[in-house]
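Counting in this note's numbering, the sequence shown tops out at residue 1204, every number present.
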Amino acid sequence: PLDEMFVATNTALSIVNIDHFSLDSVVNPPVAVKRAVAPFSDRIYMVSATSRQAFRTNRSGSAMGLLRDPRSNTPFPQPVVDIDLNRSHSSLFVLFDEPGSIVRLTSAADLVENETTLTERPVAINVIGTAALVTTTLEIYGGDNQAGAAGSRLAHRLSVKATNDAGLGVANQDVAFNPILGGSTINPTSVRTNQFGEASVEVTPLETSQFSVQARTPGGLAVRFELNTPQAGQAGLEAISGDYQIQLVGDDFPKTTTIRTVTFGVPDVNNKLTITPRDARVACPATMTTGQDGVATFQCSAVSSTSPFPQITLVDVVDDFGRTLPQPLTFTVISDDQTMTAEPLVETLNEIVAPAGGRVEDAIQMRLITRSGLDSSRNVGVEFETDGPALSFEPRIAPSSVFDGRIAVDVIGGCKLGRGTITSTTNSPDLFEHEFAYRVVAGSAAAIARSQGNGQTGDANQRLNGPGQALVGRVTDVCGNAVANEPVTWEVSPAGALTLENPSPRTNGNGQVSAIAVLGQRPGLAAVTVTTAAGLSTTFDLTINVTATQLITVNGDGQRVAAGQPSLQQLVVALQNELGAGVEGAPVTFTIVEGEGGFASPAEVVTDENGRAAVSVIGGPALGRLVVEATSGSFSTQFTLEVIGRTPVVTSLGFVNAASFVSGLVPCSAGSIFGVGLMEGVQGVVLGQGAPFPTRLRGVRVLIDGVESPILALINLNGQEQINIQVPCFTKAPSTEVVVTVENNGVSATFAGVRTFAYQPGVYTIALPSGTFAAAVHLDGTLVDTSNPARPGEILQLFWNGGGAVTPAVATNSGGPTSPLAFVDEGVAVRLDGALMEVLASVYAPNFVTLYQTNFKVADSARTGLLALRVEQGGVPSPEVQLPVQQ
């Protein structure tokens, strides 16, 4: 303990109280002592200088015995050379002679932690260190709040103690002491802690005014000593003892009176006091001079009394500077023994619990009465002293009330925690004593300080959980004692800059709170503030860096892109550090390294707050593989895409008769599909080679009610896209529920509700320089045109579309039969110049797919000119076309 010193000689062990300079106890071991160590106050280990045995005892010597091996519970048989403790006093090391070995025991010697055999004969052991500990707490260990004269060294050294999370002392911790707010000389200015984590320096004030000294570790832990501070009750004169006494006439008062004089907390040496009773009932020395401690003690006597009742005499005390006591000394003189103070009636029965640095009002209560029991004993003082942690009392000397003899005293807890006993003494001849149990506990939270983790720098997404990296704070009372179970809250600024793992909701038994910081992805400063329920707070300042180590694809790889269209998904990359955090503000360039394409947005992009950059790519005209590379500095990554056809778009009016272009489709007939995105890479006309015709041409496919349609031609003239197909022969008709699917190089679109007809005649036309005329030929196979017109009475072959069902039926993608011919089921009429012509036959054209042929005779009465011609079927007329006729 800090207030005790263990002194070992070869014949005795003495325990000295260095606060009171008293000898607490002496242990006389049965052997001469070579070495002794004490891990704690009631356990001492010794090595005999003669018998080479190890002994253990308690501080009173009542439990003396040989050190035993806990594995066998018998004394160690080997000769003991030496013993030592580690710096945290948690382990006892015992050094044995031949064969040389070291046994490491727990400090209670109840468990063997380790044993090592030596290769040479040992002489001595000195444990100078164990595994390194990290300082998390620096606290004042002694010397605070003292005072001294200018140029004179302070009576007590300024001491600090460095401990780790477990409360163990940290050795070799550098501590710098610096004067602040005033002048002083510090020797030395920089020290290292000893094996117990303690370090101290000497301080000499340069002036009598208040000043401070700060002790600080390189890691930022700091404590502050307040010195030469004026304190209440310590400026001027103060009665320390012997005030408010009572005595019978003719006797000395039961106690000497002690007066202390100080200036700015510094004792006044050789200060002359003048002592003057205000009447002759009391006699005191006329003058006294203070000693080195600023204290003067004198004896007063009860000389006379002229009344049967207690009489009060006031005594004035004045020093050389003209200062007086806050109030005169009070002495009571009595002539009747029955008016003497009897044993007090004590009203305080329970243990007094005082917070360190805090006040317990009316903690001690009692009542003084006279021996007769008929009256209160008034103006009689009670003084207090303790045998444990320091307390102060207000008033220091408590007088009994002039009304009812009651005494009520406030107790102020000192800074040292622990238990003890308060002894009260009545300032009457009997000096009645009473004891009160008390306990000093940690006070309420008065400060919170960072113990560890401030000022760190880490990379984004880094988890600060290494040695010395956890954020640790400590809540203390006004004395620096740990405050346990104090609620705290944590706040991160800016919000989201980092996350906290396992933040303590309350302080632990050491007053500590802690959290692990996981740094966020945004570079810059971040602050973590921990606040107590009382509003006290401290802030940890952290710096987040982001160092790029990789460029990765995030989204958009492997997708298909329609030719000429922007990609459905953007190509997204992320520039990250090795922990996956994004790097903001870095340029990224996108480049096409294979295939054809372009970009719908700028190809040079700056990464956002998440380290991401994105671009939209446009598929080029060439279908197939498209590779895009993203580059940032020395990092790059690639996207592999496939350029495919555009999505076909066809309106409800885009499905038409291939001859008349009237909306609707007819089974077995030719149909045309008009739209956008129907094909890729086609300029002009691409004919299907048949029959049979292909069902897939240049990546284009058409399905009607799920049946593939033969493709006759793909046409793209000046951007106008058209697909000519044969409608499968067994497509349901008439109907408004037919489903058509158009596929363009891997991209398909489905169109429901396409209309079909059982028949819908449309006459083919041929565009010639002289005009556009019906597709009709003479029997010699020559084309009917203006230079070779039809003649009245002539038989012509007319070719048209949309005739519908035939007998016998023909298969899809098959030419018309020649034997037998396939005749049109629904009757066909030909009207020329408004008049019905004689129809000889209407068939599915032999060897042709989708083509219908009608042979008819031109009326003998037909006039010359470009005559209107149409085909009628089941009352449905075709659009009119022109036929050249010449009489």
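A virtual CB, placed ideally from N, CA and C, is assigned to each residue, including glycine.
- Around the C-beta of Gln-609, fewer than 16 other C-beta atoms lie within 10 Å, and the residue is accordingly described as exposed.
- Selection Leu-523, Thr-743, Ala-613, Arg-509 evaluated against Gly-465 yields Leu-523 as nearest (Cα-Cα).
- Separation of Leu-1153 and Ala-1179 (C-alpha to C-alpha, rounded to the nearest whole angstrom) is 11 angstroms.
- DSSP places Asp-386 in the strand class (E or B) of the three-state scheme.
- Linking Glu-1111 to Val-1198 through their CA atoms gives a straight-line distance of about 19 angstroms.
- By alpha-carbon distance to Glu-911, the top candidate from Pro-904, Gly-902, Ala-939, Asn-927 is Ala-939.
- Note that the C-beta distance between Thr-860 and Leu-842 is below 8 angstroms.
- Rounded to the nearest whole angstrom, the CA to CA distance from Val-999 to Asn-1061 is 12 angstroms.
- Contact between Phe-410 and Val-398 does not hold, since their C-beta atoms are separated by about 11 angstroms, which reaches or exceeds 8 angstroms.
- For Val-934 and Pro-883, the gap between their C-alpha atoms comes out near 6 angstroms.
- For Gln-655, the three-state secondary structure derived from DSSP is helix.
- Around the beta carbon of Pro-1125, a 10 Å sphere encloses fewer than 16 other beta carbons of the protein chains shown; the residue is thus reported as exposed.
- The alpha-carbon separation between Val-1156 and Arg-1072 amounts to approximately 29 angstroms.
- The Cβ atoms of Gly-994 and Arg-963 lie closer than 8 angstroms to each other.
- Per DSSP, reduced to three states, the secondary structure at Arg-1015 is coil, with no helix or strand assignment.
- From the listed residues Arg-470, Pro-356, Thr-328, Thr-1048, the smallest Cα separation to Pro-346 is found for Thr-328.
- With fewer than 16 other Cβ atoms inside 10 Å of its own Cβ, Met-322 counts as exposed.
- Restricting attention to Arg-640, Ser-621, Asp-585, Ala-715, the CA atom closest to the CA of Thr-591 is found in Arg-640.
- Non-local C-beta neighbours of Cys-796 in its own chain, meaning closer than 6 angstroms and more than five positions away in sequence, comprise Ala-673, Gly-674, Cys-732, ordered along the chain.
- Counting C-beta atoms within 10 angstroms of its own C-beta, Lys-572 has 16 or more neighbours from the protein chains shown and is therefore classed as buried.
- In the displayed model, Phe-413 falls within a strand according to three-state DSSP.
- Around the beta carbon of Phe-753, a 10 Å sphere encloses 16 or more other beta carbons of the protein chains shown; the residue is thus reported as buried.
- The closest CA to that of Gly-705, considering only Asn-334, Thr-1099, Phe-648, is found on Asn-334.
- Using a Cβ distance threshold of 8 angstroms, Leu-646 and Thr-574 count as a contacting pair.
- With a 10 Å radius around the Cβ and a threshold of 16 neighbouring Cβ atoms, Thr-374 comes out buried.
- In the three-state scheme derived from DSSP, where H, G and I count as helix and E and B as strand, Pro-1045 is classed as coil.
- Among the bridge pairs identified by DSSP, Ile-1112 is matched with Lys-1174.
- In this structure Val-586 is in contact with Gly-611, their Cβ atoms being roughly 6 angstroms apart against a cut-off of 8 angstroms.
- The Cβ-Cβ distance between Gln-829 and Arg-791 falls below 8 angstroms.
- Apart from the 5 residues on each side of it in sequence, Ala-764 sits with its Cβ closer than 7 angstroms to the Cβ of Thr-793, Leu-853 in its chain, given in chain order.
- Nearest neighbour of Ala-920 by Cα position, chosen from Val-900, Ala-947, Thr-774, turns out to be Ala-947.
- Considering only Val-757, Arg-839, Gly-936, Leu-788, the residue with the shortest C-alpha distance to Val-847 is Leu-788.
- Within the same chain, Cβ atoms closer than 6 angstroms to the Cβ of Thr-957 are found at Val-944, the five residues on either side in sequence being excluded.
- Asn-778 places its beta carbon less than 8 angstroms from that of Leu-896.
- Per DSSP, the continuous beta strand (DSSP E) segment holding Gly-1088 begins and ends at 1088-1091.
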